[in-house]
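No gaps in the numbering here: position 84 of the sequence shown is 84 in full-length UniProt numbering, and each next residue is one more.
Here a beta-carbon is modelled for each residue, glycine too, at the ideal position from N, C-alpha and C.
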Amino acid sequence: MVCLSRASKTLKSKYAQFSHFIFIGRANNGTAPVANSCNSRLVSPYCQLGWRQNAFFCSHSCRHSIKDGSSIDLSQYPCDKIRNFSIIAHVDHGKSTLADRLLELTGTIRKGHGQPQYLDKLQVERERGITVKAQTATMFHKHNFLGSDTYFLLNLIDTPGHVDFSYEVSRSLAACQGALLVVDAAQGVQAQTVANFYLAFESNLAIIPVINKIDQPTADPDRVKAQLKSMFDLDPSDTLLTSAKTGQGLEKVLPAVIERIPPPPGKSNSPLRMLLLDSYYDEYKGVICHVAVVDGAVRKGDKISSAATGRSYEISDVGIMHPELIPTGVLLTGQVGYVVSGMRSTKEARVGDTLHHCRSTVEPLPGFKPAKHMVFSGLYPADGSDFEALNHAIERLTCNDASVSVTKETSSALGMGFRCGFLGLLHMDVFHQRLEQEHEAHVISTVPTVPYIFEYSDGSKLIVQNPATLPSNPKHRLTACLEPTVVATIIIPSEYVGSVITLCSERRGEQLEYSFIDSQRAFMKYRLPLREIVVDFYNELKSITSGYASFDYEDAGYQTSDLVKLDVLLNGQSVDAMATIVHKSKAQRVGRELVEKLKKFIDRQMFEITIQAAIGSKVIARETLSAMRKNVLAKCYGGDVTRKRKLLEKQKEGKRRMKRVGSVDIPQEAFHELLKSS
Numbered sequence: 001m002v003c004l005s006r007a008s009k010t011l012k013s014k015y016a017q018f019s020h021f022i023f024i025g026r027a028n029n030g031t032a033p034v035a036n037s038c039n040s041r042l043v044s045p046y047c048q049l050g051w052r053q054n055a056f057f058c059s060h061s062c063r064h065s066i067k068d069g070s071s072i073d074l075s076q077y078p079c080d081k082i083r084n085f086s087i088i089a090h091v092d093h094g095k096s097t098l099a100d101r102l103l104e105l106t107g108t109i110r111k112g113h114g115q116p117q118y119l120d121k122l123q124v125e126r127e128r129g130i131t132v133k134a135q136t137a138t139m140f141h142k143h144n145f146l147g148s149d150t151y152f153l154l155n156l157i158d159t160p161g162h163v164d165f166s167y168e169v170s171r172s173l174a175a176c177q178g179a180l181l182v183v184d185a186a187q188g189v190q191a192q193t194v195a196n197f198y199l200a201f202e203s204n205l206a207i208i209p210v211i212n213k214i215d216q217p218t219a220d221p222d223r224v225k226a227q228l229k230s231m232f233d234l235d236p237s238d239t240l241l242t243s244a245k246t247g248q249g250l251e252k253v254l255p256a257v258i259e260r261i262p263p264p265p266g267k268s269n270s271p272l273r274m275l276l277l278d279s280y281y282d283e284y285k286g287v288i289c290h291v292a293v294v295d296g297a298v299r300k301g302d303k304i305s306s307a308a309t310g311r312s313y314e315i316s317d318v319g320i321m322h323p324e325l326i327p328t329g330v331l332l333t334g335q336v337g338y339v340v341s342g343m344r345s346t347k348e349a350r351v352g353d354t355l356h357h358c359r360s361t362v363e364p365l366p367g368f369k370p371a372k373h374m375v376f377s378g379l380y381p382a383d384g385s386d387f388e389a390l391n392h393a394i395e396r397l398t399c400n401d402a403s404v405s406v407t408k409e410t411s412s413a414l415g416m417g418f419r420c421g422f423l424g425l426l427h428m429d430v431f432h433q434r435l436e437q438e439h440e441a442h443v444i445s446t447v448p449t450v451p452y453i454f455e456y457s458d459g460s461k462l463i464v465q466n467p468a469t470l471p472s473n474p475k476h477r478l479t480a481c482l483e484p485t486v487v488a489t490i491i492i493p494s495e496y497v498g499s500v501i502t503l504c505s506e507r508r509g510e511q512l513e514y515s516f517i518d519s520q521r522a523f524m525k526y527r528l529p530l531r532e533i534v535v536d537f538y539n540e541l542k543s544i545t546s547g548y549a550s551f552d553y554e555d556a557g558y559q560t561s562d563l564v565k566l567d568v569l570l571n572g573q574s575v576d577a578m579a580t581i582v583h584k585s586k587a588q589r590v591g592r593e594l595v596e597k598l599k600k601f602i603d604r605q606m607f608e609i610t611i612q613a614a615i616g617s618k619v620i621a622r623e624t625l626s627a628m629r630k631n632v633l634a635k636c637y638g639g640d641v642t643r644k645r646k647l648l649e650k651q652k653e654g655k656r657r658m659k660r661v662g663s664v665d666i667p668q669e670a671f672h673e674l675l676k677s678s
């Protein structure tokens, strides 16, 4: 024990000798000027003891020096020392890895510590390699600008890349003045690259092209430069060549951000206007909102109002994401951070909303739109007794995803469940996956449908989200049917052009554009009904192109179409969960396929089961499931034939009576298999 005591004292004395150096590292890690009463002067950045040699001290101190926001003085960063930018890319082109390297390069996170894809918080984001929730990260960087060493505050806004979240992306880009357009050096320009470029271009952002993954054996940067020039008219000499994996070329990225992207144009002496970028629910703090201050300043204790809802709140906490929550007490013009205002639900925090001081009148920021649901699906518990558990799981999940609409509904086949509206197919898949992973819910989901509009002769309009609610024999004559459409962008190798044109024609597509990016790849645009792509279009496209196709789509409004409601009848009784709306030209084929599949899954009964597909009162397809039959003649080993006829007639009458009073139940397992296969 005496030895341990002496060793402890020795270590304490040595630590005391080094405490001065650790303090210098804190003030001096190349991250930010530090306001501290003990050490008001600025020591030379990057610790002359050596940024690389003493990486432990620098990165360790970086995390501890900003634990409380008092050590960061945001007033030292006027608008001309701020750069707000985003990274946009196709899926799996290295967007999240590049964000990790930039955070490490500025000392915001320690190299080799923490999980890869640091800004992707959800398990589903890391598994799929996509971004679902927008994230912001504040970085501090020293750069020789106009002949003098200057500290800059850099706000990286990591946006979702998929078209389902295009509105959220447009609002995030509205808070930026520039974007890094990341393209894979081997795969080149792909569908979401095109969509994201035009979103950034329409927002008047300065675009810096970055060709990533140049360390790959199949990388061809010159070919990708030519594609960027031909498609987007981007100068090849402005393109940065990087490898986020090895770190090659990354030293040129942040100087390019500072020199090519303009500062935010806000006015510090104007009334407060904040753009709400995203929000999530915290069990202890409530709703945490990611915001960008466009004009004015916001401080802890301020009272703010929402332009969209008119509700008022008091700011209980305000700060920056570095990359975790760091309270600073204030956010000034052009800065991006978070506010905690006591909102009870994320439904109050609408993406794109304008927040302002309570007693001031301001012009709301342009571009705000309510969430538009494109795809609807029914969710039912796999076991009927789990309804309350599913209800609780959906309530918890919608706390962090306000863009999902949820209403309760009842199905005669599946019992009690929910009708949910989603922004798109990926949004629906992610929601289902999070239900299973985060809440261990086992659900049956019905075939996704899209919202249709039906117009009648009396002038009324009916918006149909669930096909079961559409009357099969309406009182008034139907005058018009409208269905949602999308403009699809498809990029494929040249040898698959014929197969893809055939597929799009079968799905009632209308060709809008057809060109060649280079000698190897073709670029196609089609107008397609949304109904035709919600189930298996993407899988078929990948199948016929051996996985080389890239696909993206955007909303293109409604168009008139010849639609009918297809009902499925079991012994004359309609099964509401199986009702669907299809194009009249495809009704016969869809009805035939549906009844054939249903015949395989329904168990035989003691009576005959008739399976029919019908449009109104007209049956277009039928299958019959024969009854299980007991051999009532087994005991007759001879005798008069009238005896046998009597037994057979008696059996027939019993089955007729059984069919009249009996009901057919579709087993939920069979129902799940049927929906999956369709």
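Let me know the beta strand (DSSP E) ranges lying completely inside the region 197-235, each 3 residues or longer, listed in chain order.
206-212
Exposed or buried, which one is P484 when buried takes at least 16 other CB atoms within 10 Å?
buried
Taking only runs of the beta strand (DSSP E) that begin and end inside the region 416-477, which ones reach a length of at least 3 residues, in chain order?
443-445, 452-456, 461-464
L49 in three-state terms, based on DSSP:
Legend: pLDDT at L49 = 31, less than 50; position of this residue unreliable, value from coordinates given subsequently. In the structure shown, the three-state DSSP call for L49 is coil.
Contact check, A179 vs L277, beta carbons under 8 Å
no
Contacts around R643, its chain only, beta-carbon distance under 8 Å, and the 5 residues preceding and following it disregarded
When the five nearest sequence neighbours on each side are left out, the beta carbons in the same chain lying within less than 8 Å of the beta carbon of R643 are those of C636, in order along the chain.
Exposure of P217, with buried meaning 16 or more beta-carbon neighbours within 10 Å
exposed
Do you know how far the Cα of L414 is from the Cα of residue 685?
Outside the shown range of the chain (1 to 678) lies residue 685, about which nothing can therefore be said.
Do three or more CB pairs link the region 437-447 to the region 469-484 at distances below 8 Å?
Three or more beta-carbon pairs separated by less than 8 Å are not found between the region 437-447 and the region 469-484, which leaves the two stretches without contact.
Using the Cβ count rule (16 or more neighbours within 10 Å means buried), how would you classify P255?
exposed
Could you pull the DSSP bridge partners for F376 from this structure?
G421, T449
Buried or exposed by the 16-neighbour rule on C-beta atoms within 10 Å, applied to A480
exposed
Counting only runs that start and end within the region 472-549, where is the alpha helix (DSSP H) found for 4 or more residues in a row?
497-506, 530-533, 537-544
Just to confirm, are E540 and K525 a CB contact at a threshold of 8 Å?
no
Starting from F152, follow the beta strand (DSSP E) in both directions and report where the run begins and ends.
148-158
Touching by the beta-carbon criterion (3+ pairs, under 8 Å), the region 358-367 and the region 322-329
no
Nearest-angstrom Cβ-Cβ length linking N212 and S243, presumed shorter than 8 Å
7 Å
As assigned by DSSP and simplified to three states, the class of R171
helix
Which residues does DSSP list as the beta-bridge partners of K142?
K142 pairs with Y151.
Please classify N28: does DSSP put it in a helix, a strand, or coil?
Because N28 carries a pLDDT of 39, less than 50, the predicted location of this residue cannot be relied on, and no value is offered for it.
Classify V132 as helix, strand or coil using the three-state DSSP reduction.
coil
Beta carbon of T159 nearer than 8 Å to that of L181:
no
Looking only at DSSP bridge pairs, what is Y280 linked to?
I288
Closest to T108 by CA distance: which of N466, H322, V486 is it?
H322
Ordered along the chain, which non-local residues of its own chain (more than five positions away) have a Cβ less than 8 Å from that of I517?
Cβ within range, chain order: G188, V189, Q227, S230, M231, I491, F523.
Quick check on Q135: buried or exposed, where buried means 16 or more other Cβ atoms within 10 Å of its Cβ?
Around the beta carbon of Q135, 16 or more other beta carbons sit within 10 angstroms, so the residue counts as buried.
Beta-carbon proximity of Q335 to L74, cut-off 8 Å:
In this structure, Q335 lies near L74, with their beta-carbon atoms less than 8 Å apart.
Who are the Cβ neighbours of A577 in its own chain at under 8 Å, not counting the five residues just before and after it?
G378, S411, S412, A413, L414, T446, A468, F671
What does R344 pair with, by DSSP beta-bridge criteria?
DSSP lists no partner for R344.
Nearest by alpha-carbon distance to G572: which of D149, S519, I611, H476 is it?
I611
Residue from R592, M628, A614, R622 with nearest C-alpha to E608:
M628
Below 8 Å, how does it come out for the region 583-601 and the region 556-569: are there three or more Cβ pairs, yes or no?
A contact is defined here as three or more CB-CB pairs under 8 Å, and the region 583-601 meets this definition with respect to the region 556-569.
Once you ignore the five residues that flank G557 on each side, which residues in its own chain have a CB closer than 7 Å to its CB?
T485
Between T346 and E168, what straight-line distance do the alpha-carbon atoms span, to the nearest angstrom?
14 Å
From the DSSP output, in three-state form, read off residue 679 for me.
Because residue 679 is not part of the residues shown, which for the chain are 1 to 678, the question remains open.
The alpha helix (DSSP H) spanning V406 covers which residue range?
For V406, no alpha helix (DSSP H) segment is defined; the enclosing uninterrupted segment is the beta strand (DSSP E) at 405-411.
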